[in-house]
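Shown next, in structure tokens, is the structure this report addresses.
There are 2 protein chains.
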Amino acid sequence: MAQPRIILVGGGFGGLAATKALKNAPAEIILIDRTNHHLFQPLLYQVATSVLAPSQIGFPIRGILKNQKNTTVLQGEVTGVDKDEKCVFVSDADRQDIPLTYDYLILATGATHSYFGRNEFEEFAPGLKSLADAEATRNKVLQAFELAEAEEDPSRHRDLLTFVLVGGGPTGVEMAGALAVLVKTTLKSNFRRIDPASARIVLFDMAPRVLGPFSEHLSQAAKQRLENLGVEVRLGHGVDQIDADGVVVAGERIASKTVIWTAGVAPSPAGKWLNVETDRAGRVRIQKDLTVPGHPEIFVVGDTAALEQDGKPLPGVAQVAMQQGRYAGKLIHSRITGSKQPAPFRYFDKGTMAVVGKGFAVLQSWKIEMSGWVAWMVWAFVHLQFLATSGLRLSVFLQWIWTFLTGQRGSRLIVDHRASALKRIPVREAVPATGGK
Amino acid sequence: MAQPRIILVGGGFGGLAATKALKNAPAEIILIDRTNHHLFQPLLYQVATSVLAPSQIGFPIRGILKNQKNTTVLQGEVTGVDKDEKCVFVSDADRQDIPLTYDYLILATGATHSYFGRNEFEEFAPGLKSLADAEATRNKVLQAFELAEAEEDPSRHRDLLTFVLVGGGPTGVEMAGALAVLVKTTLKSNFRRIDPASARIVLFDMAPRVLGPFSEHLSQAAKQRLENLGVEVRLGHGVDQIDADGVVVAGERIASKTVIWTAGVAPSPAGKWLNVETDRAGRVRIQKDLTVPGHPEIFVVGDTAALEQDGKPLPGVAQVAMQQGRYAGKLIHSRITGSKQPAPFRYFDKGTMAVVGKGFAVLQSWKIEMSGWVAWMVWAFVHLQFLATSGLRLSVFLQWIWTFLTGQRGSRLIVDHRASALKRIPVREAVPATGGK
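Taken in sequence, the protein lines are chains R and S. Sequential numbering from 17 applies to the first sequence in my numbering. Sequential numbering from 17 applies to the second sequence in my numbering.
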């Protein structure tokens, strides 16, 4: 008898956890991702601020799974799902909409940034979800200092050296802190006409406090810390306008050449592919076993799934994705082998953390609340733990120590990819769709 | 009295050596480069083959020179020189053709790759001169394996897994060796449908041997080593055609989706800017003091200069550029301060090396010829020595040990920059040209 085929879409925290949970399953497993790497998104802001190189938070998925012989990794873009025929459609650089049939499907397709319907902002305020995004932001930030230094007229320095972050969640706060440290340490003595430390960094959020998911006490500590680092934190107003010259907030224009979007997220189109019920944000409503109602063979996990627990929706964080992925993998394994099925999914919240600048983090776990350098040590330790390979753990650890001691960052490069933009291998003439079992 | 102004164009080996030699000069020094980083070009092939991250061979020029207070670093593109008015024209993302006057000018603008008049080859066979080039080549190489793995029909694997290198100089040989090791070690066990070790790697050169500048004996040793690694070395024929389907050599078509150009170089347009005599390749003919005839204030050094010594033209290598740069800097310093001027420039050739695969290099220095792992240790030691900062030396050293022991490479990423391509800060309306003293 042929082995059942399990298709997983997405090599992020959810998809990877699910795949690993299926390590010993008697099945043919195919993991599809649009990139070749598992990305450690929580440290993306450190690539955007030159601390880490892209390769320190991105590792080839097939390298991680090389010893898992029941699993094939494919780089491709999923474009749709046919629930009735039980197949997904995949495109790669060569071919379009190749159908691949499945017996079980796990969608772990994550989220991207959302401009809340103001997509025209994207041109002026790029978001931060992929390595390419982070490198583009890094280019933009470093380029602003280059332009200011080349500008002999000091009156023109102001808007080049104003950095605006839109969104005061963990990404915005961590990014603002890292920028503030960048201008005060790494860039010190590097310029002759400008003083990088004079750069203005402004963080906006429409909420009355930063780091919404944390306690008020910790929000306040984070805000205070940002202000000590010289960041202006402006709360209670959304951004009305973003254009080439800056932002408009509550009627006031702030001239800035560098605006970065660190606000909302929107789920992947998994809900549309499946044509099933979603929540208001577009996340697929799943059941306690993480399957889609009426389709016990389709699982949705992570940021693209909506599930309530104790009357509250689970947050879109890595921990939820990992625990859900692992659960879905185990459940499928037990179904295939006919062994005892696990109890309904329950999220175990270990706590949450955010780093603010150098040597300071806020941490909230159960009844514990902490801010300061001990929280920062815990933050560093936990993040190192979750990197994909021991090589990355060692490399990031050494880089952090180096940066802490010397102020030097690991990857302060402006690389203009327009000229050498990925020249794809040309698309062949259409070939008969293969796939299936 | 105002200090004299020295403008240096190019932050490569030559320009950086010249700038450092002017460390104590009572002058206003401006170093202009089109990128923000000094690039260690000899290791560019290791970025293209995933061993090193871009940030391990590229370091911000202004970081290197941060303590040299007489020097301002500007990121910009030089577009021309006016010898009579003694000014260079510089463009940046914001402004066009800003004139900057000089008292002394050092052009160290290097070389780019040349397609010998067949520029239509570039689309199909990218070269290797910048970090963006190296990352594009890395994308292309890794993408070929991804496409082959996604291809269920084995008959289509062949051309995806054929890699052609055009040019058997040091870059071609080092690249071929690194590719051969990549497919046999790093990629091992990573794929299910293809065997990466079965990839075909073909190196072409129209010369009768690889590594022309080396002795025949060492050329033969390098060729033998490549063949032991499984590389096909085909000599004595140029490539007649390169297109989307591969190359044609001596009437034979070799199907390949990945062709890489590792052949000729062409100098920068410095000769055109200056409108002075050049050699056949376009390099500026300079005098024994490295100045342009009739212009004792204009120096040209490195790959873009032509100078004979003992009846033979000096080669376009890093050593020549560094020694010339240092000489030009010292000569200008002595002229400014009225101290004793150095004797005419004389190149001191320390020798040359090339690495072939893992644990093997060829080395030629004076009467010494060596091949094998001792030469490789010397190669590694010397290359580490010349990296720009102690941080890079440590980081590359650790990466090499890690790669040697585990077969893992440091940066095996495919990053598609098309969507997030550098969004430049929009060009402002033209501003009055400033500059001058």
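Quick reminder that beta carbons are idealized off the backbone N, C-alpha and C, glycines included.
{"Query": "Looking only at C-alpha atoms, which of R/T35, R/A43, R/T87, R/V63 sits nearest to R/A124?", "Result": "R/T35"}
{"Query": "Could you give the distance in angstroms between the alpha-carbon of R/S107 and the alpha-carbon of R/T88?", "Result": "16 Å"}
{"Query": "Give the DSSP-derived three-state secondary structure of S/L323 in the structure shown.", "Result": "coil"}
{"Query": "For S/P76, count the other beta carbons within 10 Å of its own beta carbon; 16 or more makes it buried, fewer makes it exposed. Which is it?", "Result": "buried"}
{"Query": "With DSSP run on the structure shown, which of helix, strand or coil describes S/V25?", "Result": "strand"}
{"Query": "Out of curiosity, what's the CA-to-CA distance linking R/N86 and R/L379?", "Result": "39 Å"}
{"Query": "Quick one: list the residues of chain R neighbouring S/E165, beta-carbon separation under 7 Å, in chain order.", "Result": "L90"}
{"Query": "Under a three-way DSSP split, which group does S/F397 fall into?", "Result": "helix"}
{"Query": "Rounded to a whole number of angstroms, what is the C-alpha to C-alpha distance between R/S71 and R/G92?", "Result": "20 Å"}
{"Query": "Provide the residue(s) that pair with S/P224 in DSSP beta bridges, ordered along the chain.", "Result": "Partner(s): none; S/P224 has no beta bridge."}
{"Query": "Considering only the beta carbon of each residue, do R/V182 and R/V255 sit closer than 8 Å?", "Result": "yes"}
{"Query": "Is S/V431 close to chain B? Criterion is C-beta to C-beta, closer than 8 Å.", "Result": "Protein chains in the displayed structure are R and S, and chain B is not among them."}
{"Query": "Taking only the alpha-carbon atoms, compute the straight-line gap between R/Q415 and R/G426 and give it to the nearest angstrom.", "Result": "7 Å"}
{"Query": "How many Å lie between R/A37 and R/G345 at the Cα?", "Result": "5 Å"}
{"Query": "Of all the options R/I22, R/F413, R/G373, which has the alpha carbon lying nearest to the alpha carbon of R/A192?", "Result": "R/G373"}
{"Query": "Could you list which residues in chain R have their beta carbon closer than 8 Å to that of S/T201, in chain order?", "Result": "Those do not exist, as S/T201 stays about 12 Å from chain R at its closest Cβ, beyond 8 Å."}
{"Query": "Can you tell me whether R/R241 is buried or exposed, with buried defined as 16 or more other CB within 10 angstroms of its CB?", "Result": "buried"}
{"Query": "What is the residue span of the alpha helix (DSSP H) that R/Y61 lies within?", "Result": "60-64"}
{"Query": "Enumerated in chain order, which unbroken segments of the beta strand (DSSP E) with a length of 3 residues or greater are wholly contained in the stretch 125-201 of chain S?", "Result": "127-129, 178-182"}
{"Query": "Please determine if the stretch 380-387 of chain S and the stretch 198-207 of chain S are in contact, where contact requires at least 3 C-beta pairs separated by less than 8 Å.", "Result": "no"}
{"Query": "Which same chain residues end up closer than 6 Å to S/Q84 when comparing Cβ atoms and leaving out the 5 residues on each side of it in sequence?", "Result": "K39"}
{"Query": "At 9 Å on the CB atoms, spell out the chain S contacts of R/G407, in chain order.", "Result": "W418, T422, Q424, G426"}
{"Query": "Looking at R/F217: is its Cβ nearer than 8 Å to the Cβ of R/L251?", "Result": "For the sequence presented, residue 217 of chain R should be read as Ile rather than Phe. No. Outside cutoff."}
{"Query": "Counting pairs of beta carbons, one from the stretch 403-411 of chain R and one from the stretch 124-134 of chain R, are three or more of them closer than 8 Å?", "Result": "no"}
{"Query": "Where S/E168 and R/R342 are concerned, what is the direct C-alpha to C-alpha distance, given to the nearest angstrom?", "Result": "29 Å"}
{"Query": "Closest to S/V333 by C-alpha separation, out of S/H399, S/G318, S/Q325, would be which residue?", "Result": "S/G318"}
{"Query": "Whole angstroms are fine: how far does the CA of S/D432 sit from the CA of R/R111?", "Result": "17 Å"}
{"Query": "Are the stretch 135-150 of chain R and the stretch 358-365 of chain R touching by the rule of at least three beta carbon pairs closer than 8 Å?", "Result": "no"}
{"Query": "Just checking my contact of R/P298 with R/G310 at CB under 8 Å: how many whole Å lie between their CB atoms?", "Result": "It should be pointed out that residue 298 of chain R corresponds to Gly in this sequence rather than to Pro. Not quite, the Cβ-Cβ distance comes to about 19 Å (not below 8 Å), so this is no contact."}
{"Query": "Mind listing which residues of the stretch 82-116 of chain R have their C-beta closer than 9 Å to chain S's C-betas, in chain order?", "Result": "K82, N83, K85, T87, T88, V89, L90, Q91, G92, V106, D108, A109, D110, R111, I114"}
{"Query": "At a Cβ cut of 9 Å, what residues of the stretch 124-148 of chain R count as close to chain S, listed as they run along the chain?", "Result": "E139, F140, P142, S146, L147, A148"}
{"Query": "For a contact defined as C-beta to C-beta under 8 Å, what are the partners of S/L38 on chain R?", "Result": "Result: empty, since nearest Cβ-Cβ is about 15 Å, beyond 8 Å."}
{"Query": "Tell me, which residues are paired with R/I46 by DSSP?", "Result": "R/I23, R/T88"}
{"Query": "Could you name the residues of the stretch 201-228 of chain R whose beta carbon sits closer than 9 Å to any beta carbon of chain S, in the order they occur along the chain?", "Result": "T202, L203, K204, S205, N206, F207, R208, R209"}
{"Query": "Is there at least one Cβ from chain S nearer than 8 Å to R/L198's Cβ?", "Result": "no"}
{"Query": "Skipping 5 residues on each side, what residues in its chain have a beta carbon closer than 6 Å to that of R/E313?", "Result": "Y120"}
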